[in-house]
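Trainee: One structure is given below, represented as structure tokens, and several questions about it will come after.
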Amino acid sequence: MDRTRSEALFQEAQRHIPGGVSSPVRAFRAVGGTPPYLVRGEGAYVYDLDGNRYLDYVLSWGPLILGHAHPEVLRRVQKTMEGGLTFGAPHPLEVELAKKVKRAYPWVDLVRFVSSGTEATMSALRLARGYTGRDLIVKFRGNYHGHADGLLVEAGSGALTFGVPNSAGVPETYARLTLVLEYNDAESLREVLRTRGEEIAAIIFEPVVGNAGVLVPTEAFLQALHGAKEYGVLLIADEVMTGFRLAFGGATELFGLKPDLVTLGKVLGGGLPAAAYAGRREVMEKVAPLGPVYQAGTLSGNPLAMASGLATLEILEANPGHYAYLEDLGKRLEEGLSAVLTEKGIPHTVNRVGSMLTVFFTEGPVRTFAEAKRTDTELFKRFFHGLLDRGVYWPPSNFEAAFLSVAHTEEDLDQTLEALRHAL
Ligand SMILES: *Cc1c(COP(=O)(O)O)cnc(C)c1O
Numbered sequence: 001m002d003r004t005r006s007e008a009l010f011q012e013a014q015r016h017i018p019g020g021v022s023s024p025v026r027a028f029r030a031v032g033g034t035p036p037y038l039v040r041g042e043g044a045y046v047y048d049l050d051g052n053r054y055l056d057y058v059l060s061w062g063p064l065i066l067g068h069a070h071p072e073v074l075r076r077v078q079k080t081m082e083g084g085l086t087f088g089a090p091h092p093l094e095v096e097l098a099k100k101v102k103r104a105y106p107w108v109d110l111v112r113f114v115s116s117g118t119e120a121t122m123s124a125l126r127l128a129r130g131y132t133g134r135d136l137i138v139k140f141r142g143n144y145h146g147h148a149d150g151l152l153v154e155a156g157s158g159a160l161t162f163g164v165p166n167s168a169g170v171p172e173t174y175a176r177l178t179l180v181l182e183y184n185d186a187e188s189l190r191e192v193l194r195t196r197g198e199e200i201a202a203i204i205f206e207p208v209v210g211n212a213g214v215l216v217p218t219e220a221f222l223q224a225l226h227g228a229k230e231y232g233v234l235l236i237a238d239e240v241m242t243g244f245r246l247a248f249g250g251a252t253e254l255f256g257l258k259p260d261l262v263t264l265g266k267v268l269g270g271g272l273p274a275a276a277y278a279g280r281r282e283v284m285e286k287v288a289p290l291g292p293v294y295q296a297g298t299l300s301g302n303p304l305a306m307a308s309g310l311a312t313l314e315i316l317e318a319n320p321g322h323y324a325y326l327e328d329l330g331k332r333l334e335e336g337l338s339a340v341l342t343e344k345g346i347p348h349t350v351n352r353v354g355s356m357l358t359v360f361f362t363e364g365p366v367r368t369f370a371e372a373k374r375t376d377t378e379l380f381k382r383f384f385h386g387l388l389d390r391g392v393y394w395p396p397s398n399f400e401a402a403f404l405s406v407a408h409t410e411e412d413l414d415q416t417l418e419a420l421r422h423a424l
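In terms of the UniProt record's numbering, the sequence shown is residues 1 to 424.
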């Protein structure tokens with residue numbers, strides 16, 4: 001497969017942009033090689049600068065649940081665009097999208113729009129601190145909530161410990177306000193709540209993890225999370241990835257969760273920058289201008305992003321069968337991948353919920369980040385490039401979720417399995 005033009009442009013890009021990319025994982029550092037420049041998409045397929053076609057399992061990291069360039073989504077954006085791009089004033093589409101979010105999350109009273117998932121989680125944490133008057137937060141290893149300072153934190157040594165920065169530039173004193181626990185470790189969570197519960201403003205979590213590869217929550221862990229309420233700790237379900245993807249009401253609907261705040265992004269914007277945090281009136285009315293917690297944005301609630309999000313959510317709400325279809329496709333892909341890998345004698349575990357899936361190259365089970373890290377990343381590189389060279393664009397890191405869209409077909413999946421068989 002000829003990628004000469006992408007290779008040349010990537011060389012040039014590195015003279016102008018750090019690592020040649022606007023977001024690190026796009027640089028292919030985890031798998032080696034050169035990322036193709038993608039210039040066009042249609043349904044489940046993307047096309048690069050050299051004219052190569054790939055079946056896309058990245059889908060812009062999740063937003064494109066309807067596939068690329070969905071005609072109705074494009075039409076709505078174009079129609080809105082004719083009136084201008086941004087006003088920095090209230091816009092009718094914000095009201096429509098807020099109502100749509102409330103249909104998906106019926107316990108939500110108020111929704112605040114922002115432009116990225118990072119902003120949503122950062123703002124939700126500020127709100128939780130402002131509401132509770134407490135400083136500590138709890139997060140889980142391998143859960144990603146964007147790149148805000150207090151969230152770029154790893155567990156220090158010992159089980160019940162203060163966080164330490166995992167990025168340069170994050171002050172240690174600030175990182176210490178984040179307690180980091182193992183995902184799916186109900187016992188440690190209960191212990192932290194017992195000993196520090198009264199100091200904790202919020203627990204933020206991915207209800208299904210996508211950012212360590214896919215990890216599925218255990219029933220015991222979900223129960224322990226809900227135990228936070230006894231201590232007046234707010235529960236923030238970070239559904240930036242899972243919202244509108246696992247069900248119309250996200251993981252909250254799928255698992256019957258009762259969070260205090262939810263953060264949304266990705267599918268919410270349907271491919272343009274829109275995200276949100278939302279919750280009950282009592283909490284959300286602490287946000288400015290109603291309350292003392294400040295948060296603002298020049299492009300927040302941007303009309304084009306509201307239009308693409310609204311068009312996407314309207315299609316999802318009108319077609320509940322889409323979720324059943326994605327579940328069927330997901331199951332077929334999971335079973336197919338597992339069959340090929342078994343046939344080739346390769347140890348593996350496939351974690352999947354609906355249309356989110358990760359193949360770990362290790363004997364299972366994989367329930368925690370520590371277990372995920374047992375995956376054979378050398379084998380993953382071969383898996384990745386074997387697929388890429390055969391026209392399948394898989395996420396370029398083993399610690400990411402692959403996504404399906406309603407534009408993917410069974411024939412597409414069968415081709416992927418054929419490609420994998422050849423690659424191995
Ligand atoms: C992608 C993601 C974020 C960050 O969203 P950005 O729009 O990239 O800032 C936050 N939380 C979760 C769970 C995500 O998957």
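Ideal Cβ placement from N, Cα and C applies to all residues, glycine included.
If the criterion is Cβ atoms closer than 9 Å, does the pair V180 and A201 meet it?
Mentor: Contact: no.
Trainee: Compute the distance between the beta-carbons of T342 and A401, then report whether it is under 9 Å.
Mentor: no
Trainee: May I ask whether a heavy atom of ligand 1 can be found less than 8 Å away from the beta carbon of S116?
Mentor: yes
Trainee: Could you check whether Q295 and V287 sit closer than 9 Å to each other, using their CB atoms as the reference points?
Mentor: yes
Trainee: Just checking, does the stretch 37-56 make contact with the stretch 371-380 on the three C-beta pairs under 8 Å criterion?
Mentor: no
Trainee: Go through the stretch 255-314 residue by residue and report every complete run of the beta strand (DSSP E) that reaches 3 residues or more, in order.
Mentor: 261-264, 275-279
Trainee: Is it right to say A324 is buried, meaning 16 or more other beta carbons lie within 10 angstroms of its own, or is it exposed?
Mentor: exposed
Trainee: Within its chain, find whatever has a CB closer than 7 Å to the CB of L413; leave out the 5 residues flanking it on each side and keep chain order.
Mentor: L329, R332, L333, G336
Trainee: Could you tell me if P36 is buried or exposed, where buried requires 16 or more neighbouring beta carbons within 10 angstroms of its beta carbon?
Mentor: That one is buried.
Trainee: Using a threshold of 8 Å, is the CB atom of K139 nearer than that to any non-hydrogen atom of ligand 1?
Mentor: no
Trainee: Along the beta strand (DSSP E) that carries M81, what are the first and last residues, could you check?
Mentor: That residue, M81, is in no beta strand (DSSP E); its alpha helix (DSSP H) goes 71-81.
Trainee: Tell me the DSSP secondary structure of H147 in three-state form.
Mentor: coil
Trainee: I want to check one thing, is the minimum distance from the CB of G150 to the heavy atoms of ligand 1 below 8 Å?
Mentor: no
Trainee: Nearest by alpha-carbon distance to H408: which of E96, L420, Y393, V114 is it?
Mentor: Y393
Trainee: Taking its Cβ as the centre, do 16 or more other Cβ atoms sit within 10 Å of residue 447, making it buried, or is it exposed?
Mentor: There is simply no residue 447 to check, as the chain begins at 1 and stops at 424 in what is shown.
Trainee: Could you check whether L127 and F403 sit closer than 9 Å to each other, using their CB atoms as the reference points?
Mentor: In terms of Cβ geometry, F403 and L127 do not form a close pair [threshold 9 Å].
Trainee: Does the count of Cβ pairs from the stretch 14-32 and the stretch 362-376 closer than 8 Å reach three?
Mentor: no
Trainee: In chain order, what residues of the same chain lie with their CB nearer than 8 Å to the CB of V214, ignoring the 5 residues before and after it?
Mentor: V208, N351, R352, V353, M356, L357, T358, A401
Trainee: Tell me whether the stretch 221-229 and the stretch 299-306 touch, counting them as touching only if at least three CB pairs, one residue from each stretch, are closer than 8 Å.
Mentor: Not touching, per the Cβ criterion.
Trainee: Report the three-state DSSP secondary structure of G249 (helix, strand or coil).
Mentor: Reduced to three states, the DSSP call for G249 is coil.
Trainee: Report back the beta-carbon spacing between L424 and K344 to the nearest angstrom; my notes put them in contact at under 8 Å.
Mentor: About 5 Å separates the beta carbon of L424 from that of K344, a gap short enough to meet the 8 Å contact definition.
Trainee: Considering only their Cβ atoms, is the gap separating V114 from A275 smaller than 9 Å?
Mentor: yes
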